[in-house]
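As you go down the protein sequences, you meet chains L and F in turn. Heads up, the first sequence stops at 676 in our numbering, and the numbers go up one at a time, no gaps. Heads up, the second sequence stops at 242 in our numbering, and the numbers go up one at a time, no gaps. A virtual CB, placed ideally from N, CA and C, is assigned to each residue, including glycine. None of the values given here were measured: they were computed from a predicted structure. One structure is given here, and the rest of the page talks about it.
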Amino acid sequence: MTTDPLVKVPLITLVGPPNSGKTTLFNTLSGKNYKTANYPGSTVEYYTSRLLAKYNLSAELLDSPGIVSLLPESIDEKISVDSLYSHPTLGIPDLIISTVDACQLSRHLLLPKQLISSGFNVIIVVTMNDILAKRGLKVSENKLKNALDCDVVVINGRSKQGIEKLIEAISLNLTQTSEESKKIISPNFYAHNKNELVDTFNEIEKIVNTVYEPTISNEKNNLKSANNELKILNNNISSNGFSPDEITLKIDNVLLHRFWGFLIFLFVMGVTFTSIFWLAQPLMNLVDALFAELNSLVINNFDQGWFTYLVSDGIISGTGSVLVFVPQILILFIILGLLEDSGYLARGAMLIDKPLSKIGLNGRSFVPMLSGYACAIPAMIAARTIPNRRERLFTIFIIPLMSCSARLPVFALLIAYLIPRDQAWMGGLVLGGIYLFSMISSIVVAAIMNKFTKKIFNAEDTSSFILELPAYRIPKLSSVITNTYNSSKQYILRAGPIILGFSLVLWFLTFFPNINPKVESAGLNSHQTQNLERSERLEHSYASDLGKIIEPIMIPLGMDWRIGVSLISAFAAREVFVSSLALTFKVTSETDEDQSTLLKSLRTAKIESTGEQLFTAATSLGLIVFFIFALQCLSTVAVSKKETGGWKIPILQIVIFTSLAYTMTFITVNGLRFLGIN
Amino acid sequence: MRTAAELKYKERGIISEIDTSHPSSKRIIEHGFTPGQIIELVYQSLFNDPIAVSIRGTLIALRKSEAHCIKLK
């Protein structure tokens, strides 16, 4: 960096309504080298970046979540607005670039008008002029500039037309304002008055009626159609705007069809949902295999001391359990990103709003809930887009009930145990049944919880659903990939340390105090001996002590301390349950036959105190039910705490979902026994 | 007085006023629903709610309960 650190770099903030081309402009100006900046005490991330060097202008650029006006509705919006007036670390912006859609001036000029009257230094950037040009019209920079008394630049974000002019305007503006003394900025209170909002719109309408001009063109047809559009605009002052995009209307005749629209929505979401699993599975297996390989590489090549095991079983396996979900999160975000960018997700939210509002949720809760089937962590972060506080908290609250993919290995093992090997198709059926049961029960739980949300969340119930349905466009893969990259990075940075930290704690509990167990190794190869040692170590570990302490509450479920230990281990990450079960049942082989040997030892396992068979149909189904309901993931708890801003909701989640899981398991196991199924 | 919630499929109306006592009225005005504007009910979902109306050249989806505060001439 050649910049003198003593010279303060000017701060430029990008502001604009959703769908106004703000993010495209940000990417054009900053390239891809941006970093996230947290707003202290909140979860909203900003992207900040230096302007690209090729523009030869030293300034810090800050992107903010899209807002419609300076009066915030959602948490995102509030923080976005607050940071305009004074960002605790970045200060008041020296310049605000306010993006507006050329075709939507009559709606989008509200924000820049409010910004200007609050005293900000504003440059208005008019985007999407290519779409306006198709109607034979353009926006007059000069007329808009004179009407609003601020700089106006017309650009085309996608083809980067007009960017140089914008840079010129920025540098001229910055040199002028640095000479002037800074204006005093007062928060825009007038917008609280709804009548004045209407007045502002009336002023905007007058401006909009004067700023459109026909594009200069030799083609007579073009001129004719432009004049037509202008005539419609001018004669029809009351409508003040264009008719909606025709192609969009045609597509929506199908996608928002009263009957087919909903079916198509279910189909699209079904495809998204299943592809989280089918597309990601090979990649997840790869990650899994890689870390298993690394693990055994370390164990086989170093001393068999505690430190080796700390590295292999603690750090390497812990890192593996963080990274194993990355493929799923990548695929989920790419698909959702493409749907979002095309304009379809807003329609989806509209279609599903009614059923979800019946159980106290919102159309915008749908995407977070769907993401919950991959992993609760990105799902909770996705819930930030819900403007209503109660609905947002409630969505976060029930996300752990969505059957996340970490439960899949557990279900797979228990299904394999229950279903004879030659009837694999039945396994798929049972798995489908499990997901169906989990969906239905989360709806029931949500409906019941909905009665108490006022007390729990302490928030006013002014449920609202007002959402712009943007014109359809072909999604831009590069911006989707950039967003996906950032979201995945967020997941790793946020969940990673917690999962890893807890893996280390659990490693400690399962490894100590019996570091060097004595085992009968005659007739066993070194690999089998190793596994036997591990089992022995676990059996006399702190974790098994814990398991024995909780055994009294496991007995009514038909389970013993060994399952208890595995359930405790599963707190690091649910899929650990399977490997931990293998250890507690002293499965010594670690080949492809692993699962079948584990299954064999599960079949012969007996409850020590009574001698009854441990894994009956009843207890296995009970365990499945337990995993459907229980919140057994500490990273989820940590993210829930961060996203809800306190311990109240995560603690309620642990207490309610765990006791629900216990009760439902108790009912399942004893109910089945009562019916004679054992 | 009729409201936007009572519009039939593909029916147009002119806004006369916004009921400012409604909790969502501020957001509704901010999206450009102001007196004098022509709106049209363009789409309805399977459950008739929410509805999508065109306003100022854009489609906005909103719940019927919220459309109630948009009074028509």
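Distances from the alpha-carbon of L:R362 to those of F:C238, F:L231 and F:I239 put F:L231 closest.
Separation of the CB atoms of L:S533 and L:L581 is rounded to 5 Å, and the pair is thereby assigned contact status at 8 Å. By the neighbour-count criterion, in which a residue is buried when 16 or more other Cβ atoms sit within 10 angstroms of its Cβ, L:S84 is exposed. Chain-order list of chain L residues neighbouring F:H200: V66, R105, I464 and E466, by C-beta distance under 8 Å.
With its beta carbon at least 8 Å from every one in chain L, F:A173 lies outside the interface. Taking C-alpha positions only, L:S294 is separated from L:K52 by approximately 49 Å. If you look at L:I90, you'll find it isn't in any alpha helix (DSSP H); DSSP assigns it neither H nor E. The beta carbons of L:S81 and L:L49 sit no closer together than 8 Å. Residue state for F:T172 is assigned as strand, using DSSP reduced to three classes. Taken atom to atom, the span from the alpha-carbon of L:P385 to that of L:L359 is near 12 Å.
Straight across, the Cα-Cα distance linking L:P280 with L:I654 is about 35 Å. Taking C-beta atoms as the reference points, L:V478 and L:G335 count as a pair closer than 8 Å.
Pairwise C-beta distances place the stretch 119 to 135 of chain L in contact with the stretch 83 to 99 of chain L, as three or more of them are shorter than 8 Å. Under a criterion of Cβ atoms nearer than 8 Å, the residues of chain F adjacent to L:K192 are, in order, I187, T189, S194, K195 and I198. Sequence-distant partners of L:T666 (beyond 5 residues in either direction) whose C-beta falls short of 6 Å from its own C-beta, in its chain, are L619, G620 and V623. Counting C-beta pairs with one atom in each stretch, the stretch 596 to 614 of chain L and the stretch 462 to 474 of chain L have fewer than three that are closer than 8 Å, which means they do not touch. Inclusion of L:M400 and L:A377 in the CB contact set at 8 Å is warranted, their separation being smaller than that value. Spatial neighbours of L:N448 in its own chain (CB-CB distance under 7 Å, excluding positions within 5 residues in sequence) are listed in chain order as I357 and G358. For the C-beta of L:L254, the chain F residues within less than 7 Å are, from N- to C-terminus, Y212 and A221.
Contact check for F:S223 against L:P86 fails: the beta carbons are separated by 8 Å or more. Three or more beta-carbon pairs separated by less than 8 Å link the stretch 476 to 496 of chain L to the stretch 314 to 332 of chain L, which places the two stretches in contact. For L:L600 and L:S18, the gap between their C-alpha atoms comes out near 59 Å. At a cut-off of 8 Å between beta-carbon atoms, L:G259 makes contact with chain F. With 16 or more neighbouring CB atoms inside 10 Å of its own CB, L:K111 falls in the buried class. For the C-beta of L:S62, not a single chain F residue is nearer than 7 Å; the gap to the nearest is close to 17 Å. DSSP, read as helix, strand or coil, puts L:Q526 in helix.
Residue pairing by DSSP places L:P212 opposite L:L135 in a beta bridge. For L:K352, the residues of chain F that pass the 9 Å Cβ criterion are S214, L215, F216, N217, D218, P219 and R232, in the order they occur in the chain. In this structure, L:V365 lies away from L:I490, with their beta-carbon atoms at least 8 Å apart. Chain F has no Cβ within less than 8 Å of the Cβ of L:C631. Among the CB atoms of chain F, none fall inside 8 Å of the CB of L:L308.
Annotation for F:K240: the continuous beta strand (DSSP E) segment containing it runs I239 to L241. For L:F199, a Cβ of chain F is located within less than 8 Å of the residue's own Cβ. Contact with chain L is absent for F:L241, since none of that chain's Cβ atoms lies less than 8 Å from the residue's Cβ. Rounded to whole angstroms, the gap between the alpha carbons of L:I652 and L:Y433 is 21 Å.
Residue-level contact by beta carbon holds for L:D250 and chain F, with a gap shorter than 8 Å.
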